[in-house]
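**Student:**
Residue numbers (the working numbering): 249 to 408.
(1) Between 356, 343, 370, 399, which lies nearest to residue 379 when the distance is taken from Cα to Cα?
(2) Excluding the five sequence neighbours on either side, which residues of its own chain have a C-beta within less than 8 Å of the C-beta of residue 289, listed in chain order?
(3) Nearest-angstrom Cα distance between residue 253 and residue 298?
(4) If you reduce the DSSP assignment to three classes, tell me which class residue 408 lands in.
(5) Would you mind sorting residue 372 into buried or exposed? The rule is 16 or more other CB atoms within 10 Å of its CB.
(6) Once DSSP output is grouped into helix, strand and coil, what is the label at residue 303?
(7) Can you give me the C-alpha to C-alpha distance between residue 287 and residue 276, rounded to a whole angstrom?
(8) Spatial neighbours of residue 328 within its chain, please: C-beta separation below 8 Å, excluding the five flanking residues on both sides.
(9) From residue 388 to residue 255, what does the alpha carbon distance come to, in whole angstroms?
(10) Quick one: Cα of residue 272 to Cα of residue 250, how far?
(11) Taking only the alpha-carbon atoms, compute the straight-line gap between residue 336 and residue 303 and give it to the nearest angstrom.
(12) Quick check for students: name the residue ranges of the alpha helix (DSSP H) that lie wholly in the region 313 to 400, counting only runs of 4 or more.
(13) Could you check which residue in 398, 402, 407, 406 has the C-alpha nearest to that of residue 319?
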């Protein structure tokens, strides 16, 4: 098994365990998770204002915070992937869109498609395309996911 596949399956298992911890037998709230994914995509973009704030000359991207928001998006997208028992047959690197990472209309399309296809594995594909556009590596994503997942479990233990 290749490194990506092992790591992504680990993320899926970690997300399954977190969802089980959070839901504690309550019905799975797919529509609320889709809304949360939508909101997190907005938070991600707010950390990368140079991609859309054409009117603000002093915009500065915060890549570290953007990666954290991206991983929050991944939590919700994987939760939906698990809920729909969808399989992926691609890797993070398979989702490199093109050699023009700053095309704004492509970013809008990818953001929209993450939500539009949130009930399907294509949501993850578009999320991975965004990750590439923003310069995130799979290793950064994977390790940041694990760190945030641990924090999310600790929050639940404290009654978050």
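We put the beta carbon where it would ideally sit given N, CA and C, even for glycine. Please read these numbers as outputs of a predicted model, since none were measured by experiment.
**Tutor:** Let's see:
(1) 343
(2) 321, 359, 362, 363
(3) 33 Å
(4) coil
(5) buried
(6) coil
(7) 18 Å
(8) 278, 281, 282, 285, 366, 367, 371
(9) 12 Å
(10) 33 Å
(11) 39 Å
(12) 352 to 364, 370 to 381
(13) 398
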